[in-house]
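**Q** Right, I'll just put the structure down here and ask away after.
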Amino acid sequence: METLPAWAEWLASALILIGAIFGLIGSVGLVRLPDFMARLHAPTKNTTLGVGGVILGSIVYFSASQQGLSLHELLIAIFLFLTAPISAHLLAKAGLHLELKRVSRTRDYRDRPEQYSDRD
Amino acid sequence: MLNKIFPAPRLSLFLLVFWLLLQNSISSGLVVLGAVLALLIPLYTHRGRDFATKIHRPLKAVEYFLVLLVDIILSNFNIAAIILLPRRRIQPALFEYPLEITGEVPITVLASTISLTPGTITAEIRRDGRALLIHALNVADHEAMIQQIKTRYEMRLKEIFKC
Chain B
18 METLPAWAEW LASALILIGA IFGLIGSVGL VRLPDFMARL HAPTKNTTLG VGGVILGSIV
78 YFSASQQGLS LHELLIAIFL FLTAPISAHL LAKAGLHLEL KRVSRTRDYR DRPEQYSDRD
Chain G
63 MLNKIFPAPR LSLFLLVFWL LLQNSISSGL VVLGAVLALL IPLYTHRGRD FATKIHRPLK
123 AVEYFLVLLV DIILSNFNIA AIILLPRRRI QPALFEYPLE ITGEVPITVL ASTISLTPGT
183 ITAEIRRDGR ALLIHALNVA DHEAMIQQIK TRYEMRLKEI FKC
């Protein structure tokens, strides 16, 4: 282990902790929320801050312990920003087309639901 | 002529930055190799890009990104509160969002933005491509939410892409 300045150690640990807490909350959300569509919200949002915190912690740690800035962690963030909405979209689409059960208080404002179906 | 050997300057720049981030260091050898790759890869791939889009207001795009970043962080807290507060009755809703912008790239950016921000997910695009179907985790007034998305994101995108 290289020695780090104290501030970097504190900052990196705080960021990693924040990331871990949000990751945990996202997973708890998967269990607690009532139906498929609602459960989708937890992992798509909370992983961005969860992974983001860990990534920032990693940047702080490696920038402080080695010479120079370490930024290749940012690539993970870029890929996550690009892929998280798309996977959420595909899951939501699948859920809609299979007509999965929704909690009864979900209000549906679609005028013509068949506009969104692949069935002809 | 310059267009032929250098078809996508922005893609080239992106590839070069990407390459340097991957290597995680800057030395002259790496920059040269990266520059060669950044020149060759667009030559090989740009014919497949049939959705070329022009960013008319780069500064606005940066502003959009910052607004989005702040909103994503807020949305994380928002969702965390909904998950953790005991037995809070959530009011999910499915509603249509009428699109004003056109073009594949702007609509994709807007749909991704909606998925990343507070309590909303883009589930589907209508067959005619003029509306998005949004699932909201907890919404009291969906008309207000539509207005908010419109002013906060869609109008900005409209300015950025001029569409």
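Chains as they are written, first to last, in this note's numbering: chain B, 18 to 137; chain G, 63 to 225. All residues carry an ideal CB built from backbone N, CA and C; glycine is no exception.
Sort 55/B, 34/B, 68/B by Cα distance to residue 108/B and report the nearest one.
**A** Looking up residue 108/B in the first sequence gives position 91. That would be 55/B, whose Cα lies nearest to the Cα of residue 108/B.
**Q** Helix, strand or coil for residue 58/B? Go by DSSP, reduced to three states.
**A** Working through the first sequence from its first residue, we reach residue 58/B at position 41. It is helical.
**Q** Check for me: the beta strand (DSSP E) holding residue 160/G runs from which residue to which?
**A** Residue numbering aside, residue 160/G sits at position 98 when the second sequence is read from its first letter. Element bounds for residue 160/G: 155-160.
**Q** Apart from the five residues just before and just after residue 182/G, which ones in its own chain have a Cβ nearer than 6 Å to its Cβ?
**A** Translated into positions along the second sequence, residue 182/G becomes position 120. Cβ neighbours of residue 182/G beyond the five flanking positions: 176, 196, 198.
**Q** Quick one: give me the first and last residue of the alpha helix (DSSP H) that residue 125/G is part of.
**A** On the second sequence, position 63 is the one that residue 125/G refers to. Unbroken alpha helix (DSSP H) run through residue 125/G: 120-146.
**Q** What residues in its chain sit with their C-beta under 7 Å from that of residue 86/B, if we drop five residues either side in the sequence?
**A** Taking the first sequence and counting its residues from 1, one reaches residue 86/B at position 69. Excluding sequence neighbours, residue 86/B sits near 80.
**Q** Using the Cα positions of residue 141/G and residue 63/B, report the straight-line distance between them to the nearest angstrom.
**A** One-based indexing of the second sequence puts residue 141/G at position 79. One-based indexing of the first sequence puts residue 63/B at position 46. Cα to Cα, the separation comes out at about 8 Å.
**Q** Tell whether a beta-carbon distance below 7 Å holds between residue 66/B and residue 186/G.
**A** Counting from 1 along the first sequence, the entry for residue 66/B is found at position 49. Counting from 1 along the second sequence, the entry for residue 186/G is found at position 124. The answer is no: Cβ separation not under 7 Å.
**Q** Within the same chain, show all residues whose beta-carbon is closer than 7 Å to that of residue 76/B, passing over the 5 residues directly before and after it, in chain order.
**A** In the first sequence, counting from the first residue as 1, residue 76/B sits at position 59. Around residue 76/B: 87, 88, 90.
**Q** Among residues of its own chain, excluding the 5 on either side of residue 216/G, which ones have a beta-carbon nearer than 7 Å to its beta-carbon?
**A** The residue labelled residue 216/G in the question sits at position 154 within the second sequence. Closer than 7 Å at the Cβ level, and outside the excluded window around residue 216/G, lie 162, 163, 172.
**Q** Pull up the DSSP beta-bridge partners for residue 197/G, would you.
**A** The residue labelled residue 197/G in the question sits at position 135 within the second sequence. According to DSSP, which records beta bridges pairwise, residue 197/G is partnered with 156/G, 183/G.
**Q** Does the contact criterion of 3 or more C-beta pairs under 8 Å hold for the region 199-209 of chain G versus the region 96-104 of chain G?
**A** No, because fewer than three Cβ pairs between the region 199-209 of chain G and the region 96-104 of chain G fall closer than 8 Å, the two stretches do not touch.
**Q** Between residue 72/B and chain G, is the shortest Cβ-Cβ distance under 7 Å, so that the two count as touching?
**A** Locating residue 72/B in the first sequence gives position 55, where the first residue counts as 1. For residue 72/B, the answer is no, since every Cβ of chain G falls outside 7 Å of its Cβ.
**Q** In whole angstroms, what separates the C-alpha of residue 72/B from that of residue 33/B?
**A** The residue labelled residue 72/B in the question sits at position 55 within the first sequence. The residue labelled residue 33/B in the question sits at position 16 within the first sequence. So the alpha carbons of these two residues sit roughly 8 Å apart.
**Q** Beta-carbon separation of residue 194/G and residue 159/G under 7 Å?
**A** Position 132 of the second sequence, counted from the first residue, corresponds to residue 194/G. Position 97 of the second sequence, counted from the first residue, corresponds to residue 159/G. Their beta carbons are under 7 Å apart, which means residue 194/G touches residue 159/G by this criterion.
**Q** Using a beta-carbon distance below 7 Å, is residue 169/G in contact with chain B?
**A** For the purposes of this step, residue 169/G is taken as the residue at position 107 of the second sequence. So no, residue 169/G is outside the interface.
**Q** Ordered along the chain, which non-local residues of its own chain (more than five positions away) have a Cβ less than 8 Å from that of residue 92/G?
**A** Residue numbering aside, residue 92/G sits at position 30 when the second sequence is read from its first letter. Correct list, in chain order: 81, 82, 85.
**Q** Please compile the residues from chain G whose C-beta is within a distance smaller than 9 Å of the C-beta of residue 46/B.
**A** Sequence index remark: in the first sequence, residue 46/B carries index 29 (1-based). In chain order: 141, 142, 144, 145, 146.
**Q** Could you tell me the distance, in whole angstroms, from the CA atom of residue 123/G to the CA atom of residue 100/G?
**A** On the second sequence, position 61 is the one that residue 123/G refers to. On the second sequence, position 38 is the one that residue 100/G refers to. Looking at the two C-alpha atoms, the distance is approximately 23 Å.
**Q** From residue 118/B to residue 51/B, what distance separates their C-alpha atoms?
**A** Along the first sequence, read from residue 1 onward, the residue named residue 118/B stands at position 101. Along the first sequence, read from residue 1 onward, the residue named residue 51/B stands at position 34. In a straight line, the C-alpha of residue 118/B is about 10 Å away from that of residue 51/B.
**Q** In this structure, does DSSP put residue 188/G in helix, strand or coil?
**A** To locate residue 188/G, count along the second sequence from 1; it is residue 126. Note: residue 188/G maps to coil in three-state DSSP.
**Q** Helix, strand or coil, according to DSSP, for residue 127/B in the structure here?
**A** Along the first sequence, read from residue 1 onward, the residue named residue 127/B stands at position 110. Coil at residue 127/B, not helix or strand.
**Q** Under 7 Å Cβ to Cβ from residue 77/G, same chain only, skipping five residues before and after it: list those, please.
**A** Taking the first residue of the second sequence as position 1, residue 77/G is located at position 15. Excluding sequence neighbours, residue 77/G sits near 99, 100, 103.
**Q** What is the rounded straight-line gap between the Cα of residue 98/B and the Cα of residue 117/G?
**A** As a first step, residue 98/B must be located in the first sequence, where it is residue number 81. As a first step, residue 117/G must be located in the second sequence, where it is residue number 55. So the alpha carbons of these two residues sit roughly 19 Å apart.
**Q** Identify which residue in 223/G, 90/G, 73/G has its Cα closest to the Cα of residue 165/G.
**A** Locating residue 165/G in the second sequence gives position 103, where the first residue counts as 1. Out of 223/G, 90/G, 73/G, 223/G has the C-alpha closest to the C-alpha of residue 165/G.
**Q** How about residue 110/B: is its C-beta nearer than 7 Å to some C-beta of chain G?
**A** What you label residue 110/B is simply residue 93 of the first sequence in a count that begins at 1. For residue 110/B, the answer is yes, since a Cβ of chain G falls inside 7 Å of its Cβ.
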